[in-house]
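Residue numbers (this note's numbering), protein chains in the order written: chain A, 1 to 277; chain B, 1 to 261.
For reference, the structure is listed below as structure tokens.
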Amino acid sequence: MRAPLRKILLLLGAAVLFFAAFFLAPMLVVAIASVTDADGNVSFASYARILLDRYHWDVLWTTFRIGALTTAATMLIGYPLAWYLVRIVRFAHWRRACIIMLVVPLFTSNIVRSFGWMVLLGRNGLVNDALVGAGLIERPLRFLGTELGIEIGLVYILLPFMVLSIGNALAKVDPLLEQASADLGASPSATFRTITFPLSLPGLMAGTVMVFMLAVSAYVTPALLSGGRITVFSMLIFQQYGSLFDFHYGGALSITMLVLTLALIALAARIGEARGI
Amino acid sequence: MAAIAIRIVAYAALAYLALPLVVLLGASVTATSYLSFPPRGVTLAWYGRMLDDPSYLSAFATSSLLAAAATLAAVLLAIPAALAIARDRFPGRRLIAAILMSPLILPHVVLGTALLQYGTMIGLTRSFGALLVGHIVIIMPFVLRAVLPQLNEEQRSLEEASADLGAGPLATFFFVTLPQIRSGVVSGAMFAFISSWINVELSIFNTTAELTTIPVKLFNYVQYSVDPIIAAVSSITILAAAAAIILLDLTLGLEVLSERR
Numbered sequence: 001m002r003a004p005l006r007k008i009l010l011l012l013g014a015a016v017l018f019f020a021a022f023f024l025a026p027m028l029v030v031a032i033a034s035v036t037d038a039d040g041n042v043s044f045a046s047y048a049r050i051l052l053d054r055y056h057w058d059v060l061w062t063t064f065r066i067g068a069l070t071t072a073a074t075m076l077i078g079y080p081l082a083w084y085l086v087r088i089v090r091f092a093h094w095r096r097a098c099i100i101m102l103v104v105p106l107f108t109s110n111i112v113r114s115f116g117w118m119v120l121l122g123r124n125g126l127v128n129d130a131l132v133g134a135g136l137i138e139r140p141l142r143f144l145g146t147e148l149g150i151e152i153g154l155v156y157i158l159l160p161f162m163v164l165s166i167g168n169a170l171a172k173v174d175p176l177l178e179q180a181s182a183d184l185g186a187s188p189s190a191t192f193r194t195i196t197f198p199l200s201l202p203g204l205m206a207g208t209v210m211v212f213m214l215a216v217s218a219y220v221t222p223a224l225l226s227g228g229r230i231t232v233f234s235m236l237i238f239q240q241y242g243s244l245f246d247f248h249y250g251g252a253l254s255i256t257m258l259v260l261t262l263a264l265i266a267l268a269a270r271i272g273e274a275r276g277i
Numbered sequence: 001m002a003a004i005a006i007r008i009v010a011y012a013a014l015a016y017l018a019l020p021l022v023v024l025l026g027a028s029v030t031a032t033s034y035l036s037f038p039p040r041g042v043t044l045a046w047y048g049r050m051l052d053d054p055s056y057l058s059a060f061a062t063s064s065l066l067a068a069a070a071t072l073a074a075v076l077l078a079i080p081a082a083l084a085i086a087r088d089r090f091p092g093r094r095l096i097a098a099i100l101m102s103p104l105i106l107p108h109v110v111l112g113t114a115l116l117q118y119g120t121m122i123g124l125t126r127s128f129g130a131l132l133v134g135h136i137v138i139i140m141p142f143v144l145r146a147v148l149p150q151l152n153e154e155q156r157s158l159e160e161a162s163a164d165l166g167a168g169p170l171a172t173f174f175f176v177t178l179p180q181i182r183s184g185v186v187s188g189a190m191f192a193f194i195s196s197w198i199n200v201e202l203s204i205f206n207t208t209a210e211l212t213t214i215p216v217k218l219f220n221y222v223q224y225s226v227d228p229i230i231a232a233v234s235s236i237t238i239l240a241a242a243a244a245i246i247l248l249d250l251t252l253g254l255e256v257l258s259e260r261r
């Protein structure tokens with residue numbers, strides 16, 4: 001139904017104006033700054049500085065490697081946990097406790113959660129104490145300031161997103177389809193491979209895109225767990241805006257990050273579409 | 001066999017999820033002057049030290065006020081927008097919806113730096129107002145996303161009935177429409193509030209020594225030193241999160257991951 005323009009303006013006007021002023025305009029300012037120089041002339045020098053420099057490619061490679069490993073680990077841990085929560089737990093109170101354990105971290109700041117890992121992963125932290133105590137290693141390992149440490153923190157922070165996404169898809173799978181498959185003689189593993197898993201793919205896909213996006217753009221967790229030894233792309237952006245104030249170069253870094261993440265999301269969506277997800 | 005393997009992974013994953021928070025709660029009551037887990041002795045002295053420091057209280061106050069104001073603004077902007085997007089057909093509807101939702105997938109680092117640069121141009125930096133506009137932008141999509149699915153065409157006939165019986169548009173909204181989307185508004189507002197409360201990436205550019213939020217204060221502190229006071233402040237935020245979730249569960253019910261059978 002076509003509504004009168006006046007009514008639509010009345011309902012949408014405030015939100016659209018607010019977003020134009022404080023979302024679109026700032027993004028436009030960054031985009032313009034990224035393609036101009038200090039004198040206001042059009043210049044792609046900032047992009048050239050990023051794309052022609054080995055260091056930036058190294059940082060991008062580190063960032064995306066950490067993002068990819070983090071995403072893979074959240075999938076491998078998240079799928080069984082989602083399955084457990086949706087299909088296995090029957091005792092209502094324990095289920096509720098599990099859900100609360102899953103969601104409380106989401107409601108807690110990245111700082112607090114990363115801080116917890118700083119305490120755990122330190123030279124004299126619980127993890128090293130346990131490993132030494134169990135006789136698995138002789139001397140404490142270095143976790144803080146390594147990519148492994150950052151990945152442990154990021155997987156922890158992003159796991160709930162993956163579990164909720166997969167779990168919601170699993171919960172929607174019609175049990176009659178699985179019953180039919182079993183009645184027709186398929187083994188449980190064949191039913192899982194041909195029925196359940198394909199039907200849960202949209203959730204897995206959505207979770208993967210979200211986790212990857214959040215992992216490559218994360219700042220707080222890498223900043224706290226890297227101990228200044230590892231640089232990811234978001235740290236470069238922070239440096240420019242937090243202390244060096246080169247808005248042209250900083251803007252180009254921001255746009256580079258934005259374009260790369262959106263391109264990867266679009267690619268994932270295309271792959272999903274092609275597979276009929 | 002497979003079921004046992006799944007259980008083992010699930011228990012390990014749950015332990016992994018609980019561990020850092022348990023460690024902080026434990027370390028916040030240690031009687032030692034350094035962080036220690038398991039805690040040595042039990043004391044609430046660190047909580048007392050935190051309460052003695054007015055800067056923590058003012059950061060808690062700033063965070064709460066900011067989250068409350070941003071959530072209120074987000075709800076006031078999102079509900080009318082959701083009504084128009086869900087019910088009316090007009091050119092540009094999908095584009096507007098996509099723009100209003102896009103902060104959900106935009107890296108917060110990018111948005112935070114953009115707002116800093118823009119704020120520098122228009123003179124809106126390092127103030128409560130500067131923090132507020134950024135927070136509204138990132139949390140409004142949560143409200144929109146929660147409310148949109150609850151609006152449908154069937155409600156329209158109820159609203160028309162209300163109008164036919166002589167109720168004005170506002171009365172119709174408050175007595176007919178709002179009650180039907182209440183749970184969406186509440187859960188959306190809850191997520192919006194929390195997202196504002198825990199934000200660092202946006203806030204960090206617009207805080208000052210006097211005007212700072214709890215996450216930013218923790219972030220700046222933790223990078224240089226860690227002690228049981230910081231664990232106590234962190235624990236307060238963990239306990240607040242747990243309280244919020246239990247409250248949400250008791251009022252709306254956490255309808256996540258329930259199987260349809």
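C-beta: ideal position from N, C-alpha, C; glycine also.
These numbers were taken from a predicted model, which means no experiment stands behind them.
Check whether Y156 of chain A and Y34 of chain B have beta carbons under 8 Å apart | It is not a contact, given that the beta carbons lie outside the stated cut-off.
In chain B, which residues lie with their C-beta within 8 Å of the C-beta of P140 of chain A?
-> Chain B residues near P140 of chain A: none, gap ~15 Å exceeds 8 Å.
Could you give the distance in angstroms between the alpha-carbon of F23 of chain A and the alpha-carbon of I66 of chain A?
-> Those two C-alpha atoms are separated by around 29 Å.
Sub-8 Å separation of T261 of chain A and N110 of chain A beta-carbons | For the pair T261 of chain A and N110 of chain A, the CB atoms are not nearer than the 8 Å cut-off.
Can a CB atom of chain D be found closer than 8 Å to the CB of E201 of chain B?
-> Protein chains A and B are contained in the structure displayed, whereas chain D is not.
Beta-carbon contacts of E159 of chain B that lie in its chain and below 7 Å, excluding the five residues immediately before and after | Closer than 7 Å at the Cβ level, and outside the excluded window around E159 of chain B, lie T172, V176, T177.
Would you identify the three-state DSSP class for V42 of chain A, choosing helix, strand or coil?
-> Here V42 of chain A sits in strand by DSSP.
Take every Cβ of the region 136-152 of chain B, pair it with every Cβ of the region 212-220 of chain B, and state whether three or more of those distances are shorter than 8 Å.
-> The region 136-152 of chain B, when compared against the region 212-220 of chain B, does not touch it at the 8 Å Cβ threshold.
To which residues of the same chain is F44 of chain A closer than 7 Å at the C-beta, ignoring the five residues directly before and after it?
-> Excluding residues within five positions, the ones whose Cβ falls inside 7 Å are V35.
Drop a sphere of 10 angstroms on the beta-carbon of T32 of chain B, count the other beta-carbons inside from all chains shown, and report buried for 16 or more, exposed for fewer.
-> Exposed, because fewer than 16 other Cβ atoms sit within 10 Å of the Cβ of T32 of chain B.
May I ask you to report which of helix, strand or coil DSSP gives R270 of chain A?
-> Looking at R270 of chain A - three-state DSSP - the assignment turns out to be helix.
Using the rule of at least 16 other Cβ atoms within 10 Å of the residue's Cβ for burial, across every protein chain shown, is Y224 of chain B buried or exposed?
-> The Cβ neighbour count for Y224 of chain B, taken over all protein chains shown within 10 Å, is under 16; the residue is labelled exposed.
Check the Cβ-Cβ distances between T251 of chain B and every residue of chain A, and say whether any is below 8 Å.
-> False, the Cβ-Cβ gap to chain A never drops below 8 Å.
L222 of chain B classed as buried or exposed, judged by whether at least 16 other C-beta atoms fall within 10 angstroms | Inspection of the sequence shows that residue 222 of chain B is occupied by Val rather than by Leu. Buried.
Between K7 of chain A and the rest of its own chain, which residues show a CB-CB distance below 7 Å, the 5 nearest in sequence each way excluded?
-> Excluding residues within five positions, none has a Cβ falling inside 7 Å.
Please list the residues of the region 223-238 of chain B that have a C-beta atom closer than 9 Å to any C-beta atom in chain A, keeping them in chain order.
-> Along the region 223-238 of chain B, going in chain order, the ones with a CB nearer than 9 Å to a CB of chain A are Q223, V226, I230, A231, V233, S234, S235, T237, I238.
If you count every other CB in all the chains shown that lies within 10 Å of the CB of E151 of chain A, and 16 or more means buried, which is it?
-> The Cβ neighbour count for E151 of chain A, taken over all protein chains shown within 10 Å, is at least 16; the residue is labelled buried.
Please list the residues of the region 2-21 of chain A that have a C-beta atom closer than 7 Å to any C-beta atom in chain B, keeping them in chain order.
-> Taken in chain order, the members of the region 2-21 of chain A whose beta-carbon sits within less than 7 Å of a beta-carbon on chain B are R2, A3, I8, L11, L12, A14, A15, V16, F18, F19.
Can you list the alpha helix (DSSP H) stretches of 4 or more residues lying completely in the region 33-94 of chain B, in chain order?
-> Entirely contained in the region 33-94 of chain B, the alpha helix (DSSP H) runs reaching 4 residues are, in chain order, 45-52, 54-87.
For G125 of chain A, which residues from the same chain have a beta carbon less than 7 Å from its beta carbon, with the 5 sequence-adjacent residues on both sides left out?
-> The answer, listed in chain order, is V119.
Using alpha carbons as the reference points, say which of A:V86, A:A21, A:A14 lies closest to K172 of chain A.
-> The candidate whose alpha carbon is nearest that of K172 of chain A is A:V86.
Who are the neighbours of P179 of chain B on chain A, taking C-beta pairs under 7 Å?
-> Within chain A, no residue comes near P179 of chain B; the closest Cβ sits about 19 Å away, beyond 7 Å.
Does DSSP put T120 of chain B in a helix, a strand or coil?
-> Looking at T120 of chain B - three-state DSSP - the assignment turns out to be helix.
Would the beta-carbon of P107 of chain B fall within 8 Å of that of S217 of chain A?
-> Less than 8 Å divides the Cβ of P107 of chain B from the Cβ of S217 of chain A.
Looking only at DSSP bridge pairs, what is T208 of chain A linked to?
-> Bridge partners of T208 of chain A: none, in fact.
For the putative contact between G145 of chain A and G227 of chain A, defined by C-beta atoms under 8 Å, what is the C-beta separation to the nearest angstrom?
-> With 8 Å as the limit, G145 of chain A and G227 of chain A qualify as a contact, their Cβ atoms being about 4 Å apart.
What are the start and end residues of each continuous beta strand (DSSP E) run of 3 or more residues lying completely inside the region 201-260 of chain B, in chain order?
-> You should have found no qualifying run.
Counting Cβ pairs, one atom from each stretch, are 3 or more of them under 8 Å apart for the region 85-100 of chain B and the region 134-148 of chain B?
-> Counting Cβ pairs under 8 Å, three or more are found: they touch.
List the DSSP bridge partners of T36 of chain A.
-> For T36 of chain A, DSSP records a beta bridge to A:V42.
Test item: CB-CB of V211 of chain A and M162 of chain A under 8 Å = At a Cβ-Cβ threshold of 8 Å, V211 of chain A and M162 of chain A count as neighbours.
Of the listed residues B:L250, B:N220, B:L252, B:A3, nearest to Y79 of chain A (C-alpha basis) = It is B:A3.
Are F143 of chain A and G149 of chain A closer than 8 Å when you measure CB to CB?
-> Cβ atoms of F143 of chain A and G149 of chain A: closer than 8 Å.
Measure from the C-beta of L95 of chain B to each C-beta in chain A and report whether the shortest distance is under 8 Å.
-> Not an interface residue.
What number of angstroms, rounded off, separates the C-alpha of Y56 of chain B from the C-alpha of A12 of chain B?
-> Within the model, the alpha-carbon separation for Y56 of chain B versus A12 of chain B is close to 35 Å.
C-beta atoms of S46 of chain A and Y241 of chain A nearer than 8 Å = Against a cut-off of 8 Å, the Cβ pair of Y241 of chain A and S46 of chain A comes out as no contact.
Should the region 94-103 of chain B be called in touch with the region 11-25 of chain A, which here means at least 3 C-beta pairs below 8 Å?
-> Output reads yes: the region 11-25 of chain A touches the region 94-103 of chain B.
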